[in-house]
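First the structure, in the form of structure tokens, and then the observations on it.
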Amino acid sequence: MKVYKRIEDYTNLKRSFLTIGTFDGVHIGHQAIINKLVHDAHANNADAVVLTFFPHPRNVIQVETNLSLIDSMKEKENLLRKLGIDILIIHPFTMAFSNLSAQKFTRDILVNKLNVSKLFIGYDHRFGKNRTASVSDLISYGQTYDFDVDVIPAQDINAISVSSTKIRKALFNGDVKLVSKYLGRKYQLEGIVVHDQGLGSKIGFPTANIEITSKNKALPKTGVYWVSMVWKNQIYFGMLNFGVRPSVSSKKHTIEIHFFNFDENIYDETINISFHVKIRDEKKFDSLESLRKQLEIDKKFCYELEKTN
261 MKVYKRIEDY TNLKRSFLTI GTFDGVHIGH QAIINKLVHD AHANNADAVV
311 LTFFPHPRNV IQVETNLSLI DSMKEKENLL RKLGIDILII HPFTMAFSNL
361 SAQKFTRDIL VNKLNVSKLF IGYDHRFGKN RTASVSDLIS YGQTYDFDVD
411 VIPAQDINAI SVSSTKIRKA LFNGDVKLVS KYLGRKYQLE GIVVHDQGLG
461 SKIGFPTANI EITSKNKALP KTGVYWVSMV WKNQIYFGML NFGVRPSVSS
511 KKHTIEIHFF NFDENIYDET INISFHVKIR DEKKFDSLES LRKQLEIDKK
561 FCYELEKTN
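Going by my numbering, the first residue of the sequence shown is number 261, and it counts up by one from there.
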């Protein structure tokens with residue numbers, strides 16, 4: 261897959277089958293559209309092209325909005341690559357770009373620049389300045405500029421019944437199992453292992469403290485989660501705490517993981533954490549001994565989960 265950071269950087273005379281969107285999460289609904297795009301493009305000797313944007317349009321147009329994203333751009337690239345996309349264009353979204361008229365966007369970008377032969381969109385797609393143009397307008401432009409429009413019908417999209425908004429809501433509620441169902445994969449966090457106070461080691465639960473590498477990453481509800489990582493081609497399970505560590509009077513949100521049966525130095529390494537299920541809410545303990553006893557209970561519970569999953 262070739263990745264371009266601006267539409268202007270893309271030059272290809274080959275016909276393109278194209279879809280457009282933010283694709284936050286690349287969830288099962290997105291996958292249905294992209295799988296059809298890839299299949300039809302390759303069957304017709306065309307490139308399967310995805311045009312997406314960064315930053316998220318809502319963070320530009322709605323200036324008071326600070327929308328968190330399910331996937332970092334790096335994660336999105338990897339997911340689209342696995343789905344078989346040939347060309348990924350990540351165009352900077354600006355107010356100037358948002359003010360392009362529907363006709364200018366269609367003629368100058370879709371037709372003249374991207375050489376679109378077939379466009380795949382959802383039944384409720386809106387585009388152009390103030391999103392005033394509809395699917396029927398796009399079909400009309402297709403007739404004018406000689407490209408086909410494949411509209412994903414409402415029943416197909418509604419049957420999947422998933423959206424990026426639903427995923428964020430489930431994530432903020434701590435329901436990572438539902439998030440996994442919507443994504444068709446485990447929700448993941450990427451971060452760098454950093455040094456901390458070493459409190460976990462003092463009570464028999466050494467932790468890897470994680471600094472998230474992506475800004476605006478959508479994070480789950482605070483609490484304790486059963487998680488895993490792959491390290492040197494082997495999977496390791498553990499329990500992750502996301503919160504402010506009230507038992508030690510901390511106010512800063514931290515992410516710390518105790519891995520089971522793992523004893524390697526991974527400081528300064530980048531790791532990917534997969535979330536399986538939430539175990540409990542974060543809570544304050546009267547003493548470090550009380551905390552240690554609860555962690556023993558949590559660990560035993562995680563071992564039971566591992567046996568049944």
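No residue lacks a Cβ here, since even glycine has one placed at the ideal position from N, Cα and C.
Whole-angstrom distance between residue j and residue i, CA atom to CA atom
i, j, result
"tyrosine 563", "glutamine 554", "14 Å"
"phenylalanine 313", "glycine 344", "19 Å"
"valine 454", "tyrosine 527", "6 Å"
"lysine 538", "serine 474", "22 Å"
"asparagine 569", "serine 424", "26 Å"
"histidine 385", "alanine 468", "44 Å"
"aspartate 397", "valine 490", "48 Å"
"phenylalanine 522", "methionine 499", "12 Å"
"isoleucine 515", "asparagine 493", "23 Å"
"aspartate 269", "phenylalanine 357", "16 Å"
"aspartate 456", "isoleucine 517", "12 Å"
"proline 317", "arginine 552", "45 Å"
"phenylalanine 283", "valine 484", "29 Å"
"lysine 336", "valine 286", "7 Å"
"serine 361", "glutamate 450", "38 Å"
"valine 411", "serine 332", "28 Å"
"isoleucine 294", "glycine 382", "11 Å"
"phenylalanine 432", "glutamate 542", "14 Å"
"aspartate 558", "phenylalanine 497", "13 Å"
Option in the options with minimal Cα separation from residue i
i, options, result
"valine 422", "Tyr442, Lys544, Asn469", "Tyr442"
"leucine 339", "Phe277, Ile288, Ile369", "Ile288"
"isoleucine 349", "Arg341, Asn532, Ile267, Ser400", "Ile267"
"leucine 548", "Gly434, Gly464, Val310", "Gly464"
"phenylalanine 277", "Leu374, Arg341, Lys364", "Leu374"
"arginine 445", "Val395, Phe535, Ile381, Asn525", "Phe535"
"lysine 389", "Ser332, Met355, Ile381, Val323", "Met355"
"tryptophan 486", "Ala478, Asn493, Phe502", "Phe502"
"glutamine 363", "Tyr401, Ser394, Arg341", "Tyr401"
"lysine 481", "Arg428, Ile470, Phe520, Glu471", "Arg428"
"histidine 513", "Gln448, Arg552, Arg540, Glu471", "Glu471"
"proline 466", "Ala292, Asn525, Asn433, Ser488", "Asn525"
"lysine 262", "Lys378, Ile294, Val310", "Val310"
Residue i burial status per 10 Å Cβ neighbour count (16 or more: buried)
i, result
"threonine 366", "buried"
"lysine 351", "Residue identity differs from the one stated: residue 351 is histidine in this sequence, not lysine. Buried."
"glutamine 322", "exposed"
"aspartate 406", "exposed"
"glutamate 566", "exposed"
"glutamine 403", "exposed"
"lysine 265", "exposed"
"lysine 342", "exposed"
"alanine 478", "buried"
"leucine 290", "The sequence shown places histidine at residue 290, rather than the leucine named in the question. It counts as buried."
"lysine 378", "buried"
Same chain, Cβ closer than 7 Å to residue i, five either side skipped, listed in chain order
i, result
"asparagine 319", "Thr325, Asn326, Leu327"
"glycine 281", "Thr312"
"aspartate 368", "none"
Proximal residues to residue i (C-beta, below 6 Å), its chain only, five neighbours per side dropped
i, result
"threonine 530", "Ile452"
"alanine 430", "Leu438, Val439"
"leucine 297", "Phe277, Thr279, Ala308, Phe380"
"leucine 370", "Val376"
"serine 509", "Because serine 509 sits at a pLDDT of 49, beneath the cut-off of 50, its placement in the model cannot be relied upon, and the following sentence gives the value as read from the coordinates. Counting only Cβ-Cβ distances below 6 Å, and skipping sequence neighbours, we find nothing."
Short CB-CB distance (under 9 Å) between residue i and chain B
i, result
"glutamate 529", "In the structure shown, chain B does not exist; there is a single protein chain."
Residues near residue i in its chain [Cβ-Cβ closer than 8 Å; skip 5 each side]
i, result
"aspartate 307", "Asn272, Lys274, Arg275, Ser276, Phe277, Ala301, Asp346, Ile347"
"lysine 462", "Leu548"
"isoleucine 495", "Ser488, Met489"
Distance between beta carbons of residue j and residue i, contact taken as under 8 Å
i, j, result
"leucine 329", "asparagine 476", "5 Å"
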